[in-house]
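Enquirer:
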Amino acid sequence: MTTTATCESCGMPIETGRYCPHCVDETGALQSFDDRFERMVAWETRRRPDATRAELEAATLAYMATMPAWRDHPRVASLHPAD
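In the working numbering, the protein residues as written are 1260 to 1342.
1) Given that a residue counts as buried once 16 or more other Cβ atoms are within 10 Å of its Cβ, and exposed if not, what is Y1319?
2) Where S1268 and C1282 are concerned, what is the direct C-alpha to C-alpha distance, given to the nearest angstrom?
3) Here's the rule I'm using: 16 or more other beta-carbon atoms within 10 Å means buried, otherwise exposed. How should R1306 be labelled?
4) Count the other CB atoms, across all protein chains shown, that sit within 10 Å of the CB of M1356; report buried if there are 16 or more and exposed otherwise.
5) Quick one: residues in its chain with C-beta nearer than 7 Å to the C-beta of A1324, no 5 flanking neighbours on either side, listed in chain order?
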């Protein structure tokens, strides 16, 4: 039985490593917060084309706050309670 992990940046199922191919740059390093944020907002826009930019950004920040790679980033840290 194969255990599937999830990307610590976006939550996508992966087999190995910490991040999926969508969340890393050409060297394998995690993309910057700003790059990843914009790409995730774009993905959310495709899912919810009638939402406003503010709604899409809020939903993206809330989701990113649940991801280990971003939960301590200053833009999302205030969205989750202190541990």
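Where is the CB? At the ideal position from N, CA and C, for every residue including glycine.
Expert: Walking through what the data contain:
1) The sequence given here has Thr at residue 1319, not Tyr. Looking at its Cβ environment, which holds 16 or more other Cβ atoms inside 10 Å, T1319 is buried.
2) 7 Å
3) exposed
4) Residue 1356 cannot be examined here, being either before or after the span of the chain that is shown, 1260 to 1342.
5) R1330, V1335, L1338, H1339
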